[in-house]
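**Q** Numbering (the UniProt record's numbering), first residue to last: 1 to 239. Even glycine gets a Cβ: it sits at the ideal position worked out from N, Cα and C. These numbers come from a predicted model, not from an experiment.
#1: Rounded to whole angstroms, what is the Cα-Cα separation between residue 168 and residue 150?
#2: In terms of DSSP beta bridges, what is residue 103 paired with?
#3: Is the Cβ-Cβ distance between residue 105 and residue 119 less than 8 Å?
#4: Could you pull the DSSP bridge partners for residue 163 from this structure?
#5: Given a threshold of 16 other Cβ atoms within 10 Å of its Cβ, counted over all protein chains shown, does residue 154 qualify as buried or as exposed?
#6: With a CB to CB cut of under 6 Å and the five nearest residues on each side skipped, what residues in its chain are close to residue 108?
#7: To the nearest angstrom, how far is the alpha carbon of residue 238 from that of residue 220?
#8: So residue 130 and residue 144 are in contact, right, with Cβ under 8 Å, and what is the actual spacing, rounded?
#9: The beta strand (DSSP E) spanning residue 147 covers which residue range?
#10: Is residue 117 closer than 8 Å to residue 132 when the C-beta atoms are compared?
#11: How would you label residue 257, buried or exposed, when you count the other beta carbons within 10 angstroms and need 16 or more for buried?
#12: At what residues does the beta strand (DSSP E) containing residue 129 begin and finish?
#13: Name, in chain order, the residues that DSSP records as bridge partners for residue 134.
#14: Secondary structure at residue 43, three-state DSSP: helix, strand or coil?
#15: Residue 3 by DSSP, collapsed to three states: which one?
#16: Cutting at 6 Å between CB atoms, please list the residues of its own chain near residue 122, excluding the five before and the five after it.
#17: Residue 152: buried (16+ other C-beta within 10 angstroms of its C-beta) or exposed?
#18: In terms of DSSP beta bridges, what is residue 109 paired with?
#19: Using DSSP with H/G/I as helix, E/B as strand and the rest coil, what is residue 66?
#20: Considering only the beta carbon of each residue, do residue 70 and residue 77 sit closer than 8 Å?
#21: In its own chain, which residues sit with a C-beta less than 7 Å from the C-beta of residue 113, not counting the 5 before and 5 after it?
#22: One question on the structure: do residue 98 and residue 148 come within less than 8 Å of each other, judged by their Cβ atoms?
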């Protein structure tokens, strides 16, 4: 800003201050206080209100005996208890019982451990159960009641139904394979007095014995694996 511009701005501000000062003096002198053209009008009189006395008959004091006997702000005043009718609870329907459908594959029976090895025929899973342990899934209503060296007792919860599964060791398979037909002995052997060949109806017990031995070995192997697993778990817990 140049000097000339500063002088012009100073003059403008001085003129504005002078105008404001003059307006202030006019307001102090009473300029603008009066309202022209407004005169005091006459007020219309209000008509007198006609009041009539109504005769009210008050009841006797005996009507208020209940209030006297039971004051509103008494310390021992309590509301009346409302009796609500309780709706009868709907009976809970128990789920339908599912028949036990498992196969006993092995038993671990020691003084400190009792474990039963079963196969769930519904899902095909192999399960390891202890006493008082329920079956998983849809057969959860069945629990292991007791484990004995050669059998297991399952009990249905909520009832007295029991099912006993026995461990078959050394039994022959239910459907043995048919014995092969014996070949006809050659005529020359009969002529030389060779021992007679077994007939076609003779039962073949070799396959049955092999099957029993294989099943017994499989059960022993599972028992040993389970015992080793329990030992490892016990050692890990001690550590």
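**A** Considering the structure as presented:
#1: One C-alpha to the other measures close to 8 Å.
#2: Paired residues: 119.
#3: Yes, the pair counts as a contact, with Cβ atoms nearer than the cut-off.
#4: Paired residues: 154.
#5: Classification of residue 154: buried, given that the 10 Å Cβ count is 16 or more.
#6: These residues qualify, in order along the chain: 115, 223, 226.
#7: Whole-angstrom Cα-Cα distance: 27 Å.
#8: About 7 Å; that satisfies the 8 Å criterion.
#9: Taken as a continuous stretch (DSSP letters only), the beta strand (DSSP E) holding residue 147 covers 142 to 147.
#10: Not in contact: residue 132 and residue 117 (Cβ atoms no closer than 8 Å).
#11: Since the first and last residues shown for the chain are 1 and 239, residue 257 lies out of range.
#12: Residues 126 to 129.
#13: By DSSP's assignment, residue 134 forms a beta bridge with 143.
#14: Coil at residue 43, not helix or strand.
#15: Judged by DSSP in its simplified three-state form, residue 3 adopts helix.
#16: Cβ within range, chain order: 101.
#17: Classification of residue 152: buried, given that the 10 Å Cβ count is 16 or more.
#18: The secondary-structure analysis by DSSP pairs residue 109 across a beta bridge with 114.
#19: Collapsing the DSSP output to three states places residue 66 in a helix.
#20: Result yes, Cβ atoms of residue 70 and residue 77 sit closer than 8 Å.
#21: For residue 113, where only same-chain residues beyond five positions count, the Cβ hits under 7 Å are 230.
#22: Not a contact, by the Cβ cut-off of 8 Å.
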